[in-house]
Amino acid sequence: MKIFSLLSLILIITLSSCSSVRVASDYDKQTNFNGYRSFAFFKPGIDKAEISDLDKKRILRAIEAGMASKGFYKSENPDMLVSIFTTTRENVNIQQNNFGWGWGWGWNPWFWGGNQNYVSTNTEGTLYIDLIDASKRELVWQGMGTAVLTEDISKKQERVNKIVAAILEEYPPLAK
1 MKIFSLLSLI LIITLSSCSS VRVASDYDKQ TNFNGYRSFA FFKPGIDKAE ISDLDKKRIL
61 RAIEAGMASK GFYKSENPDM LVSIFTTTRE NVNIQQNNFG WGWGWGWNPW FWGGNQNYVS
121 TNTEGTLYID LIDASKRELV WQGMGTAVLT EDISKKQERV NKIVAAILEE YPPLAK
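Okay, here's the thing in structure tokens:
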């Protein structure tokens with residue numbers, strides 16, 4: 001019973017860790033972020049992102065919604081340009097459970113023992129959102145979010161929304 005409880009706890013922790021988004025951000029400490037109110041997407045930067053056009057649209061929709069929720073509006077003459085780039089990495093997870101039953105102390109080759117190996121893979125993606133001062137053409141803020149990606153098309157937009165929202169929670173940077 002203890003083994004079952006321990007395995008259940010490990011499974012719950014593993015599944016909950018897969019759904020999280022790890023975020024980080026960096027910014028130019030000399031920048032006054034209160035002056036930015038409008039934005040536009042920086043097409044040359046977005047075109048370089050090595051993902052499908054459909055995924056680009058999902059990300060840009062999520063960014064637009066996130067920026068609007070922070071009080072920004074899209075403009076032809078923006079204060080800030082938004083660019084993205086992405087990276088992916090394939091993870092292979094191996095879980096090995098060796099257990100057995102026998103009598104006495106130590107190893108006993110004549111009694112049945114269990115050996116279970118589980119191998120799974122997932123794709124972990126990292127999305128970088130760059131905020132560029134439009135007049136100076138300088139990077140002023142960068143947010144990064146890393147999460148396990150989903151192949152389920154019906155859940156892709158939802159997953160992208162969570163990743164972008166987690167990244168944009170870091171903006172504007174708070175004085176520390």
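Just so you know, we're using the UniProt record's numbering here: the sequence shown kicks off at 1 and counts up by one.
Beta carbons are placed, not taken as given, at the ideal position from N, Cα and C, and that holds for glycine.
query                                                                                                                                             : result
Whose C-beta lies closer than 8 Å to the C-beta of T14 among residues of the same chain, with five residues either side of it excluded?           : Low confidence applies here, because T14 scores a pLDDT of 45, under 50, leaving its location unreliable; read the following figure in that light. Same-chain partners within the cutoff: there are none.
Under 8 Å by Cβ, that's how I've got V164 and L131 pegged, so tell me the actual separation to the nearest angstrom.                              : With 8 Å as the limit, V164 and L131 do not qualify as a contact, their Cβ atoms being about 13 Å apart.
How big is the Cα-Cα spacing for K29 and P173?                                                                                                    : 9 Å
In terms of residue numbering, what span does the beta strand (DSSP E) encompassing Q30 cover?                                                    : Careful: Q30 lies outside any beta strand (DSSP E) and carries neither H nor E.
Could you pull the start and end residues of the beta strand (DSSP E) that V21 belongs to?                                                        : Neither: V21 is in no beta strand (DSSP E) and is coded neither H nor E.
On the DSSP bridge list, what partners appear for F42?                                                                                            : Note: F42 sits in no beta bridge, so no partner.
Would F39 and M67 be called neighbours here (beta carbons separated by less than 8 Å)?                                                            : yes
Any idea what DSSP makes of A62, helix, strand or coil?                                                                                           : helix
Using the DSSP secondary-structure output, state which residues sit across from residue 180 in a beta bridge.                                     : Missing from the structure shown is residue 180; the chain here goes from 1 to 176 and no further.
With a threshold of 8 Å, are at least 3 pairs of Cβ atoms found where one atom belongs to the stretch 20-37 and the other to the stretch 134-150? : yes
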